[in-house]
Amino acid sequence: MGEAPAFFVDNLQNGFSTGFGLKSKGFETFTDVGDKTFVIGGANCDSASSVGIQIYDKSTGKWVIPTVLGTKPKTCKGHSAILLNEDRIMISIRGSTLDDCIWFLEVDTEYVKEQKKDFGTEVVAWSKGVTGEAEKPVVISGPSGVGKGTLINMLMKEFPSMFGFSVSHTTRAPRGLEKNGVHYHFTERNVMENDIKHGKFLEFASVHGNLYGTSIEAIEAVADSGKRCILDIDVQGARSVRANYLDAVFIFICPPSMRELEERLRARGTETEEQILKRLRNAEAEIEQGKSSGIFDYILYNDNLEECYENLMELLGLGGSAPINQKPLSKINNKMVINCETKEVGNEAKNFGFMQDHTGCVVA
Ligand SMILES: Nc1nc2c(ncn2[C@@H]2O[C@H](COP(=O)(O)OP(=O)(O)O)[C@@H](O)[C@H]2O)c(=O)[nH]1
Ligand SMILES: Nc1ncnc2c1ncn2[C@@H]1O[C@H](COP(=O)(O)OP(=O)(O)O)[C@@H](O)[C@H]1O
1 MGEAPAFFVD NLQNGFSTGF GLKSKGFETF TDVGDKTFVI GGANCDSASS VGIQIYDKST
61 GKWVIPTVLG TKPKTCKGHS AILLNEDRIM ISIRGSTLDD CIWFLEVDTE YVKEQKKDFG
121 TEVVAWSKGV TGEAEKPVVI SGPSGVGKGT LINMLMKEFP SMFGFSVSHT TRAPRGLEKN
181 GVHYHFTERN VMENDIKHGK FLEFASVHGN LYGTSIEAIE AVADSGKRCI LDIDVQGARS
241 VRANYLDAVF IFICPPSMRE LEERLRARGT ETEEQILKRL RNAEAEIEQG KSSGIFDYIL
301 YNDNLEECYE NLMELLGLGG SAPINQKPLS KINNKMVINC ETKEVGNEAK NFGFMQDHTG
361 CVVA
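Here it is in structure tokens:
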């Protein structure tokens, strides 16, 4: 991996004027990538909300403001920048907390190149340096309707260049807005069975009467893009992955109650009554296995969505509102159990943290 030093901000105390007439405060770094100079910092400093980016194109002599994807670092009281691999810039933010000081700005990665085509503009993408189990793939399981897809979408939206979704194969029919190749590879059962026979799948399982599986190609596609892989698979699939292959972070998402799960499934409106009943029947066994098996490292209760998302980010080393060790959690059967309470619910058990059910697991 090649490295090239960029300017350090403090060398620019007297400031300069950009093509947009923005007066520098000396908080910028300038990093050359090919014909372009990426000026990071400065422009948005007055708003104190995010670090600004401008690009000087030496071939045209023009300044460009790019489309900026991903969540940006908030502070800009000085940083340093180092070009990595000729396609991303590592930013080290001065005066930030340990889990908020390293960021990456993708400027010419495959992801950014694709996005440039879609947007028709210059594009850069932020991602946050992570701590802890940073590179491990993330396996997310939980009963139908618990919010797995919602949480994964939130992650992918906030960290577009960091996570890549492992697109599974399934024999179930597509739902309204689902796209082939994006949400699933929708496939015929005989084709999938044949591919399974030929060793093309890392794992597969029959779930709610349909076949689902993770192809080796799906995992490789994410790995090739240099992103962290997220798998949304059922408990059986998680068990196979744990047993056979991946050193991953295994997270089980639990509903606050069966009644709430049923309400979410019905409100989603994507299943027939018969399918809903089947999913609810299966949910009980899935929850039992999720909580009691040795598969999962973490059980995350998805009661309040925002809190659950914060906790998920925390688990993945992406920050969040408060360190996980300050949250209501307990360790049971070697699993961290994290409760994401609905604030407006005032029942006693919730206010006082946890109750244990007969399996020794936490119930909300
Ligand atoms: N084993 C396995 N399970 C999968 C795979 N893809 C999806 N699933 C699981 O299949 C179940 C049904 O998924 P889906 O039909 O999308 O319904 P939903 O859970 O209600 O959104 C969920 O538990 C998914 O986690 C896969 O590749 N392998
Ligand atoms: N914490 C939550 N509170 C209320 N509704 C939620 C919450 N999390 C998800 N939902 C909703 O529940 C429904 C099912 O979520 P979804 O992500 O499709 O579940 P899954 O992928 O696990 O089947 C969706 O309509 C979603 O908007």
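The sequence shown maps to residues 1 to 364 in the UniProt record's numbering. Using N, Cα and C, we set each Cβ at its ideal position, and we do this for glycine too. The structure presented is a predicted model; accordingly, all values stated were derived computationally and were not measured.
Could you tell me the distance, in whole angstroms, from the CA atom of residue i to the CA atom of residue j?
i	j	result
R268	T214	25 Å
A223	T187	23 Å
L312	S293	20 Å
G95	E306	27 Å
S127	L69	9 Å
I233	A283	14 Å
K74	S50	4 Å
F191	S80	In the sequence as presented, Phe is not what sits at residue 191; that position holds Val. Distance between the alpha carbons of V191 and S80 is about 52 Å.
F252	T67	35 Å
T109	D195	32 Å
E344	L84	Interpretation of E344 is limited by its pLDDT of 39, a score under 50 that renders its predicted location unreliable; the figure taken from the coordinates is listed afterwards. Their backbone Cα atoms lie some 46 Å apart in a straight line.
A314	S166	In the sequence under discussion, the amino acid at residue 314 is Glu, which differs from the Ala named in the question. In a straight line, the C-alpha of E314 is about 21 Å away from that of S166.
R281	E288	12 Å
H198	S144	29 Å
V235	V139	10 Å
L265	E178	17 Å
R242	I295	7 Å
E217	F27	44 Å
A285	E158	32 Å
S141	C254	9 Å
K116	A125	11 Å
M162	G120	22 Å
N180	G61	43 Å
A173	Q275	12 Å
H185	D297	28 Å
E273	K148	21 Å
E135	T97	21 Å
I93	L277	51 Å
C101	T29	16 Å
I299	I82	38 Å
L105	G41	12 Å
Y56	K36	6 Å
Please name the residue in the options whose C-alpha comes closest to that of residue i.
i	options	result
V107	S59, G95, I89, G120	I89
G52	T60, F38, K62	F38
L261	R279, E86, I251, F27	R279
L202	R228, W63, S92, R239	R239
S206	K62, I216, R189	R189
E86	F296, L277, G34, M192	G34
V112	D303, S225, Q236, E286	S225
H183	G199, G164, E193	G164
L316	E263, K62, L265, V249	V249
K58	K77, D32, L151, V139	D32
R175	D247, T150, E271	E271
K77	I91, C308, I152, G149	I91
T150	C308, G319, S168	C308
S257	N302, C229, F119	N302
V146	P137, Y56, G290	G290
G319	I82, W103, Q54, T60	W103
M154	I93, T71, L105, N210	T71
N210	R259, T170, P160	T170
E122	E135, A173, W63	W63
E193	I55, Y212, K148	Y212
P160	K148, S168, E220, C229	C229
F204	N244, K36, A173, N180	N244
M156	E220, L231, I93	L231
residue 368	R259, N304, K227, E263	The chain is shown from 1 up to 364; residue 368 falls before or after that span and cannot be answered.
Please confirm if residue i has its CB atom under 9 Å from at least one CB of chain C.
i	result
A248	No chain C appears in this structure, which consists of one protein chain only.
**Sequence-ordered residues whose beta carbon comes within less than 5 Å of a heavy atom of ligand 2** = S144, G145, V146, G147, K148, G149, T150, R264, R268, N302, L305
**Request:** With a floor of 3 residues, list each beta strand (DSSP E) that falls wholly inside the region 172-203, ordered by position along the chain.
**Result:** 184-186
**Message:** Which complete beta strand (DSSP E) runs does the region 89-128 hold, if anything under 3 residues is left out?
**Reply:** 102-106, 123-128
**Message:** My parser needs the alpha helix (DSSP H) runs of 4 or more residues fully inside the region 214-248; what are they?
**Reply:** 216-224, 235-244
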